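What follows is a short report on a single structure.
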Amino acid sequence: MKTNINKLKEKITSKGMKFTHQRLVIYRSLCDSKDHPTADMVYNQITEENPSISKGTVYKTLESFVNAGILQKFRDDMGLMRFDPVMDTHSHLYCNESSNIRDYKNPDLEQLLNNFFKENQIEGFEVEEVSLVIKGKSK
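In my numbering, each residue carries its 1-based index in the sequence shown increased by 105.
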């Protein structure tokens with residue numbers, strides 16, 4: 106995912122946040138990653154070129170992005186918190202061998218899941234979002 110600086114600046118400032126170099130570097134790192142990195146992975150990726158950005162700054166920035174609706178976060182099978190800059194509806198493919206996670210978009214599958222839960226409501230529970238993780242092995 107190629108990062109457009111002007112779009113990112115607009116996204117951040119529209120949420121009432123300041124646009125800083127640190128936020129740009131952290132968000133770009135997420136967008137350039139093919140799997141869904143942890144905060145430590147982001148930190149390790151950016152520190153060589155940006156040694157002044159602390160691990161605490163990475164954690165706080167990622168959390169503020171999640172709270173502002175700029176990122177999604179989810180826990181993987183190993184209990185690690187992963188971050189995803191793709192905010193539209195999609196599923197995830199999880200490789201059991203490498204633990205890599207990648208996005209999978211299929212509008213027919215999304216429609217099927219949404220229709221299923223509209224037609225099969227769960228008593229005492231309101232479904233707000235359906236998240237699907239498809240597990241297997243990468244070829």
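For every residue, glycine included, the Cβ atom is placed at its ideal position computed from N, Cα and C. In this text, all values refer to a predicted model and were calculated from it rather than measured experimentally.
Inter-residue CB distance, R187 and H141 (contact presumed, cutoff 8 Å)
Against the sequence shown, residue 187 aligns to sequence position 82. Against the sequence shown, residue 141 aligns to sequence position 36. Rounded, the Cβ-Cβ distance is 4 Å, consistent with contact.
For G161, does the three-state DSSP call read helix, strand or coil?
Residue 161 sits at position 56 when you count from the first residue of the sequence shown. DSSP places G161 in helix when its eight states are reduced to three.
Where D189 falls, given that 16 or more other Cβ within 10 Å makes a residue buried
Position 84 of the sequence shown, counted from the start, is the residue given in the question as residue 189. By the neighbour-count rule (16 or more Cβ atoms within 10 Å), D189 is buried.
Express the C-alpha separation of D137 and L75 in angstroms, rounding to a whole number.
Because residue 75 is not part of the residues shown, which for the chain are 106 to 244, the question remains open.
Beta strand (DSSP E) runs contained entirely in the stretch 135 to 208, provided each spans 3 or more residues:
177 to 180, 186 to 189, 196 to 200
Residues sharing a beta bridge with K112, DSSP:
Taking the sequence shown and counting its residues from 1, one reaches residue 112 at position 7. DSSP, once it has assigned bridges, lists no residue as partnering K112.
Determine the extent of the beta strand (DSSP E) in which K120 is found, giving its start and end residues.
Numbered from 1 along the sequence shown, position 15 holds the residue referred to as residue 120. No beta strand (DSSP E) holds K120; DSSP gives it neither H nor E.
Y148 and V163 - do their beta-carbons sit closer together than 8 Å?
Taking the sequence shown and counting its residues from 1, one reaches residue 163 at position 58. Taking the sequence shown and counting its residues from 1, one reaches residue 148 at position 43. Yes, they are a contact pair.
Ends of the alpha helix (DSSP H) at K240?
For the purposes of this step, residue 240 is taken as the residue at position 135 of the sequence shown. Taken as a continuous stretch (DSSP letters only), K240 belongs to no alpha helix (DSSP H), being part of the beta strand (DSSP E) at 238 to 241.
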